[in-house]
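Structure first, then comments.
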Amino acid sequence: MNTYRGRFAPSPSGPLHFGSLIAALGSWLDARHHKGKWFVRIEDIDPPREIAGAADNILATLENFGLIWDGQVTYQSENQHHYQQVLLQLFDEQEVYRCTCTRKQIQSSNGIYTNFCRDKQHSSKTDHSLRLKIHQPVTSFEDCYHGHYNTALHSASEDFIVKRKDGFYAYMLAVVVDDIEQQITHVIRGADLLETTSQQLYLFKLLKYSLPIFGHLPVATNNQGLKLSKQNYAPSIADAPVNETLWLALNFLKQSPPIELRKENTSLLLDWATQHWQPNKFKGKQQFLHQYV
Ligand code: GLU
Ligand code: ZN
Numbered sequence: 009m010n011t012y013r014g015r016f017a018p019s020p021s022g023p024l025h026f027g028s029l030i031a032a033l034g035s036w037l038d039a040r041h042h043k044g045k046w047f048v049r050i051e052d053i054d055p056p057r058e059i060a061g062a063a064d065n066i067l068a069t070l071e072n073f074g075l076i077w078d079g080q081v082t083y084q085s086e087n088q089h090h091y092q093q094v095l096l097q098l099f100d101e102q103e104v105y106r107c108t109c110t111r112k113q114i115q116s117s118n119g120i121y122t123n124f125c126r127d128k129q130h131s132s133k134t135d136h137s138l139r140l141k142i143h144q145p146v147t148s149f150e151d152c153y154h155g156h157y158n159t160a161l162h163s164a165s166e167d168f169i170v171k172r173k174d175g176f177y178a179y180m181l182a183v184v185v186d187d188i189e190q191q192i193t194h195v196i197r198g199a200d201l202l203e204t205t206s207q208q209l210y211l212f213k214l215l216k217y218s219l220p221i222f223g224h225l226p227v228a229t230n231n232q233g234l235k236l237s238k239q240n241y242a243p244s245i246a247d248a249p250v251n252e253t254l255w256l257a258l259n260f261l262k263q264s265p266p267i268e269l270r271k272e273n274t275s276l277l278l279d280w281a282t283q284h285w286q287p288n289k290f291k292g293k294q295q296f297l298h299q300y301v
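Quick note, this note's numbering runs 8 ahead of the 1-based positions in the sequence shown.
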């Protein structure tokens, strides 16, 4: 029986751009190549960063690009009771504590939070975030594209935030709770998230879930070497020519699609790419690549 369950988990902070297409396409191809399932989860629990209409726009673009998902799209905003339940449990078990440190205080210690509030027992009345105690940090893991990956010790061992001071659940908590709930077996996403993986693995272990396989795809940058993102005005691909853009994305992933397929229809191109999916071609140490388009 095939148990592969992958996912694409965009935050609706803007339309899809070439960089987010790489994460969508890479995770879709890996799932389809393994005849697995592929789910889409909208990570909409950070309202200050969200843009009205972005989630629908992302979904319409995925469909347009032929990246069709299985089952229903899920929305993190609809699963907040679950995050709260996990937090309460971890709080009861004294794995989570209140932290009142300000950004300024943390910046003054080189931006590194040194687990300062761990034993302070702050009252619930003061403004606070909630942090998870990291007892035995996960300092390395096997990535299917990067091999044995060592995480910087200070980030692996930092008691990270699971609920923010402004009351929103942190990405780090929600992403793990959802990957568990959806029984995700393969997390294929951009290498900008490599550094966070050790912390997420810690939480998977604490919640006693069998660990998914992680693979981090190369991240597209602009010609100044900066990751394509809304902040640096990466253009939307919502209206880009579908087949041409997919062909370029496959090239970016070093899949060498035949030139004849550049002007063909999308399903032919995606079928070719599914059959010939070879992560070996981009495997290695390169985390960031200029997109050359
Ligand atoms: N929502 C995250 C983002 O858009 C991705 C989460 C993940 O793939 O683990 O950056
Ligand atoms: Zn603190």
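By construction, the Cβ of each residue, glycine as well, lies at the ideal position given by its N, Cα and C atoms.
None of these values were measured; they are calculated from a predicted model.
Unbroken beta strand (DSSP E) run spanning residue i, endpoints
i	result
F26	First-last for F26: 26-41, but that is the alpha helix (DSSP H), not the beta strand (DSSP E).
Y105	104-107
A228	227-229
S137	137-140
S237	From DSSP, S237 is part of no beta strand (DSSP E); its letter is neither H nor E.
S148	148-151
F296	296-298
DSSP bridge partner residues for residue i (one or two, in chain order)
i	result
I221	H194
F47	R15
T82	R49
K171	L138, Y177
Y157	F149
S5	Given that the chain is displayed from residue 9 to residue 301, the structure contains no residue 5 and the question cannot be resolved.
Residue i - containing alpha helix (DSSP H), residue span
i	result
F212	205-214
L277	274-283
H89	88-100
K112	111-115
H162	161-165
F260	250-260
Near the ligand ZN: residue i beta-carbon under 7 Å from a heavy atom
i	result
T108	yes
Y124	For the sequence presented, residue 124 should be read as Phe rather than Tyr. For the ligand ZN, at least one heavy atom lies less than 7 Å from the Cβ of F124.
Buried versus exposed, by CB contacts within 10 Å (16 or more), residue i
i	result
T69	buried
H89	exposed
G223	buried
N288	exposed
Q207	buried
I30	buried
A160	exposed
L96	exposed
Q263	buried
Check: Near the ligand ATP, which residues have their beta-carbon less than 6 Å from any of its heavy atoms, given in chain order?
Finding: This structure does not include the ligand ATP; its bound ligands are the ligand GLU and the ligand ZN.
Checklist line | Given 8 Å, three or more beta-carbon pairs between the segment 192-204 and the segment 124-134 | finding: no
Margin query: So, does the segment 208-223 touch the segment 234-245, judging by three or more C-beta pairs under 8 Å?
Written below: no
Check: Does the pairing of the segment 48-66 with the segment 273-286 give three or more beta-carbon distances under 8 Å?
Finding: no
Checklist line | contact_flag[the segment 99-108, the segment 73-85] where n(CB pairs < 8 Å) is 3 or more | finding: no
Notebook entry, point to check: So, do the segment 140-150 and the segment 165-176 have three or more beta carbon pairs nearer to each other than 8 Å?
Noted result: yes
Next item on the list: For the segment 147-162 and the segment 57-67, state whether three or more C-beta atom pairs, one from each stretch, are separated by less than 8 Å.
Entry: no
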